[in-house]
Amino acid sequence: MNMDLKLALCALAFSALAGCSAAGVVASSNPQQKLADADALLDQGRPLPAERLIVEAVQLCTTAGDQLCLADAYRGYGLFFMSSALASQKDRYVSQGFLDATATYQQRFVKANEYLEKSRAIYAQAARFEVVTNLNLNRGFAFEMAGDKSAACQAYGDSLAASQENTRLKPGAVIQVPAKYGTFERYIGVQRARVGCGT
Numbered sequence: 080m081n082m083d084l085k086l087a088l089c090a091l092a093f094s095a096l097a098g099c100s101a102a103g104v105v106a107s108s109n110p111q112q113k114l115a116d117a118d119a120l121l122d123q124g125r126p127l128p129a130e131r132l133i134v135e136a137v138q139l140c141t142t143a144g145d146q147l148c149l150a151d152a153y154r155g156y157g158l159f160f161m162s163s164a165l166a167s168q169k170d171r172y173v174s175q176g177f178l179d180a181t182a183t184y185q186q187r188f189v190k191a192n193e194y195l196e197k198s199r200a201i202y203a204q205a206a207r208f209e210v211v212t213n214l215n216l217n218r219g220f221a222f223e224m225a226g227d228k229s230a231a232c233q234a235y236g237d238s239l240a241a242s243q244e245n246t247r248l249k250p251g252a253v254i255q256v257p258a259k260y261g262t263f264e265r266y267i268g269v270q271r272a273r274v275g276c277g278t
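Following this line, the structure appears as structure tokens:
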């Protein structure tokens, strides 16, 4: 085989690999692995293959009838819609939409809250208040991003209430926050003050 043909074949193989949106992601039938891979792809600024993996995880969890798995997948989809990585594909999302056909780029933070609420409801039913605490916190952030300060204030309050319920059920449980805040209650107080929530 001559050198030009070898170079052409190598270039063709590379372009085919580079064109694959999930290049470098090991195929898995494990929904938790798909969610972890999606999170890594978002960190790399690759939202298109990330969304595909999240949708596949939702489908696998639904097929298995595993509610906590589904709650994790909904949580992942909610956080996906909050990700700054989506901005890199704004034009595509505006013109072609998301895999969830009910989502739009303009209303992505509203869609984030829909998925976070689905996840929250499942975790609350399972009395997993440590996760409910985090979900309500992220709902607060998503409401803020959507410009709904009143709902953000409510979600932050709900997050604090969930953390208190978690502490009641699991004495000694501590919600981790950056050291400068000291306690979760103080952290929530800072979020509420920043938004301008009443007392």
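To convert, note that position 11 of the sequence shown is 90 in our numbering; the numbers rise steadily by one, no gaps. Just so you know, even glycine gets a beta-carbon here, dropped at the ideal spot from N, CA and C. From a predicted model like this one, the values you see are computed outputs, not experimental measurements.
DSSP on residue i, reduced to helix/strand/coil?
i      : result
Leu139 : helix
Val253 : coil
Asp237 : helix
Gly155 : helix
Ala180 : coil
Ala109 : The identity of residue 109 in the sequence shown is Asn, whereas the question assumes Ala. Correct three-state label for Asn109: coil.
Arg218 : helix
Ala205 : coil
Gln185 : coil
Gly268 : helix
Thr262 : coil
Ala164 : helix
Ala225 : coil
Cys276 : coil
For residue i, count neighbouring Cβ atoms within 10 angstroms of its own Cβ and tell me buried if that reaches 16, exposed if not.
i      : result
Asn109 : exposed
Leu248 : exposed
Gly176 : exposed
Ser162 : buried
Ser198 : buried
Gln270 : buried
Ala221 : buried
Pro126 : buried
Compare the beta carbon distance of residue i and residue j with 8 Å and say whether it is the shorter of the two.
i      : j      : result
Ala301 : Leu120 : Beyond the ends of the chain as shown, which are 80 and 278, falls residue 301; an answer cannot be given.
Phe160 : Ala136 : no
Gly124 : Ala164 : yes
Ala241 : Val274 : no
Leu195 : Leu214 : yes
Tyr172 : Tyr184 : yes
Ala117 : Gly155 : yes
Determine, using beta carbons only, whether residue i comes closer than 8 Å to chain D.
i      : result
Ala119 : Among the protein chains of the structure shown there is no chain D, as only one such chain exists.
Check: Is it true that the region 220 to 232 meets the region 251 to 262, where meeting means three or more beta-carbon pairs spaced less than 8 Å apart?
Finding: no
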